[in-house]
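Under the working numbering, the first residue of the sequence shown is numbered 1, with each subsequent residue one higher.
As structure tokens, the structure follows; a few thoughts come after it.
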Amino acid sequence: MAPTVFNDKESITADPIDPNFIYAVWDRLVFPNEHANVQAAFHAAAFRGPALFARSTDGGATWERSSVIFEPGQHNQTIGNQIFVLPSGDLVDLFNMLIASNRHGLRGGNVAILRSTDKGETWSDVIVVDKLGTIGVTDPETGEDVRTGDIIPDGAVDMTSGAMYVVWQDARFSGGQFDSIALSTSTDGGLTWSEPIKVNQTPTDIPAGNQQAFTPSVEVAADGTVGVTYYDFRNNTPDDTTLPTDYFIVHCHPTTPTACSDPANWGDETKLTDTSFDMRQAPNARGFFTGDYEGLATAGSDFLTLFSQPHDDDPASVFFRRVGP
């Protein structure tokens, strides 16, 4: 029987330096056949999930044929690929590299990148930023799953300084008790990365379950301010009939390219939700689900946030809020 192919987590990037170039990237999951049990398929010899890339060199009028730019091997996959353009014009593909074996100590999730110095013609070997140590998110009272962007890293580039920032969910800061938001910085085009730091400002004097922070996004404003958004449960109450949840943005105002590697430089947190929403009213898709990722962009020095939450009778309303630096 022919293998079944599933294209997932597609993203597209317009080159901010040369508008003729547009880049698309995605993961392609290859299963043994269309009748394979999903969990069994992940362990089958035929299962793999390479990263595919395509580009346009004429502003999108035509596209070159797609090609595999990273093949992680059988039983392994990539997910969450995104292309970022550095001030030099070099490209960085950011993704989660999921490895089944423990060869080289890489079993599980790994925040990883590929680099290209010729606009995608050729790509470097994989560079591992750090382990992606999520344990997932659960309802603090019921233990039910909350489906989040736990395996999807996000990134942003300061087009003035060249610094690149990457964020993801990670439980390392709590000794494996709950997920927080990790950030790592590169100032050399992705060749090396700083030790991850915790950037979410969730209070630490509340129950561990309410400290869970998840689904981060990161962006850089024109003045160099770095913003990171995330959800958490800090406003949860003893009333176990609801799960109050909120969405936040926190800032770093770097004075040097490495300043945001210091946790002390993160603050100015703003709550983006007018009132807490009940996560249990969100759609249940293998867990209460507001999305694998939320929108974050900039206009000048402002951050433009787009996020999902239940509202009134709608389980998945989308909200927009503009926030100054």
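C-beta: ideal position from N, C-alpha, C; glycine also.
Quick caveat, the model's predicted, so the values are computed rather than measured.
Residues in its own chain within less than 8 Å of residue i by CB, not counting five upstream and five downstream?
i	result
S301	A221, A222, D223, T225, G324, P325
E64	A54, R55, S56, T57
D278	T242, L243, P244, T245, P310
G162	L86, P87, S88, T187, G189, P257
At which residues does the beta strand (DSSP E) containing residue i begin and terminate?
i	result
Y165	164-170
W193	Premise fails: W193 is in no beta strand (DSSP E) and is neither H nor E.
E10	4-14
M159	Where M159 is concerned, there is no enclosing beta strand (DSSP E), given that its DSSP letter is neither H nor E.
K131	127-132
I152	Looking at the DSSP string, I152 is not in any beta strand (DSSP E), and its letter there is neither H nor E.
I181	180-186
Y23	22-31
C260	Per DSSP, C260 belongs to no beta strand (DSSP E) and is neither H nor E.
Y293	Per DSSP, Y293 belongs to no beta strand (DSSP E) and is neither H nor E.
Going by C-alpha to C-alpha distance, which of the options sits closest to residue i?
i	options	result
P203	F53, F95, G267, F47	G267
K326	H253, A259, G291, D262	With the chain represented from 1 up to 325, any question about residue 326 goes unanswered, as that position is not in the structure.
P263	K271, T270, P254	P254
I127	R115, G73, K119	R115
T270	H75, T256, D188, R321	R321
D274	Q177, F319, S66	F319
K131	N96, M164, K119	N96
V142	P238, I83, S11	It is Thr, not Val, that sits at residue 142 in the sequence shown. Ranking P238, I83, S11 by Cα distance to T142 puts P238 first.
P125	E71, S11, D205	Rather than Pro, the amino acid found at residue 125 in this sequence is Asp. Of E71, S11, D205, the residue nearest in Cα terms is E71.
I135	G176, G120, K119	G176
Does the distance from the CB of residue i to the CB of residue j come in under 9 Å?
i	j	result
T78	A51	yes
V25	V85	no
G49	P153	no
Q169	D145	no
S276	D240	no
V228	N200	yes
D394	T117	The chain is shown only over 1 to 325; residue 394 falls outside these bounds and no answer can be derived.
Y230	I181	yes
F47	F21	no
E408	S261	Nothing can be reported for residue 408: it is not among the residues displayed for the chain, which extend from 1 to 325.
G155	L94	yes
Tell me which same chain residues have a C-beta within less than 7 Å of the C-beta of residue i, skipping the five on either side of it?
i	result
V129	V111, A112, I113, V166, S184, W193
P140	P207, G209, N210, F233, N236
F289	R147, A282, P283
V137	V146, T148, D150, D179, Q212, F214
T160	G224
For residue i, which residues in the same chain have their Cβ closer than 6 Å to its Cβ, ignoring the five residues on either side in sequence?
i	result
R172	G133
G295	L306
Q82	S11, L94
Rounded to the nearest angstrom, what separates residue i and residue j at their Cα positions?
i	j	result
P16	G59	12 Å
G108	L98	5 Å
S317	Q309	5 Å
S101	I249	36 Å
H75	D18	37 Å
R28	T4	10 Å
A61	S67	19 Å
F303	A297	6 Å
D314	M164	37 Å
L191	D312	47 Å
Y293	P216	7 Å
C252	I69	33 Å
Nearer than 8 Å: is that true of the beta carbon of residue i relative to any heavy atom of the ligand FAD?
i	result
Q177	Looking at this structure, you won't find the ligand FAD or any other ligand, since it has none at all.
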